[in-house]
Amino acid sequence: MTLTLETHVDLHLWELVGSGADDALRASDLPVPGDELTAVEHGPGFVACTGRNDYLIAGEGEWHQSPQTPPWLLQRSDRVMRLTGAGWNDALTELCPHDLGALPPGGWLMAAVAGVNAWLFRSASAPDSLLLGCDPSYGAYLESMLQSVVRDPSRINPS
Numbered sequence: 024m025t026l027t028l029e030t031h032v033d034l035h036l037w038e039l040v041g042s043g044a045d046d047a048l049r050a051s052d053l054p055v056p057g058d059e060l061t062a063v064e065h066g067p068g069f070v071a072c073t074g075r076n077d078y079l080i081a082g083e084g085e086w087h088q089s090p091q092t093p094p095w096l097l098q099r100s101d102r103v104m105r106l107t108g109a110g111w112n113d114a115l116t117e118l119c120p121h122d123l124g125a126l127p128p129g130g131w132l133m134a135a136v137a138g139v140n141a142w143l144f145r146s147a148s149a150p151d152s153l154l155l156g157c158d159p160s161y162g163a164y165l166e167s168m169l170q171s172v173v174r175d176p177s178r179i180n181p182s
């Protein structure tokens, strides 16, 4: 089993918060997830509904909305990584209490990974990979924990 960890994925992240957030997404030709705690793939990234009137947008380049508020557009500086390989879900059993093999392609989840609060997105177009993001102050720690599992596949407990 070959796993790779891309430690600096070049995606820009924004949080769109407030009444009218879904309309602002539509006006910008971005997809709107149907339910809270779900995501829709968009290019190399996604749009996730993290709560009522609260969206996390990951994409390439800059995104600007009309200056009227609400909703408020906040740029985020999450550390974004990508774990790739057929056994990524087995590798994460060492670091995450959830059965990530049950995360469907296009699935999105907020969970603790190695004790760090993180968001996880499994792309429908690349189901053998997982995007992970966390607060940048925990990025180096999470990277080192993920690298330890990637470097030593004998630690992986196949399901």
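In the numbering used here, the protein residues as written are 24 to 182.
Backbone N, C-alpha and C define an ideal beta-carbon position, used for all residues, glycine too.
Every value quoted in this text rests on a predicted model; they were computed, and no experiment measured them.
Item, Value
"For V173 and L28, what's the separation of their Cα atoms in angstroms?", "7 Å"
"Quick test of your reading: A32 and M104, contact by CB under 8 Å. State the CB separation rounded to the nearest angstrom.", "The sequence as given places Val at residue 32; Ala does not occur at that position. Contact flag correct, Cβ pair sits at about 6 Å."
"Which partner residues does D101 have in the DSSP bridge list?", "None; D101 has no bridge partner."
"Please go through the same chain and pick out, in chain order, the residues whose beta-carbon is closer than 6 Å to the beta-carbon of L36, but skip the five residues on each side of it.", "A81, R99, D101"
"Assuming L39 is part of the beta strand (DSSP E), what are its boundary residues?", "35-40"
"Could you spell out where the beta strand (DSSP E) holding A81 opens and where it closes?", "77-82"
"Jot down the residue ranges of each uninterrupted alpha helix (DSSP H) in the stretch 121-178, minimum 4 residues, whole runs only, in chain order.", "162-174"
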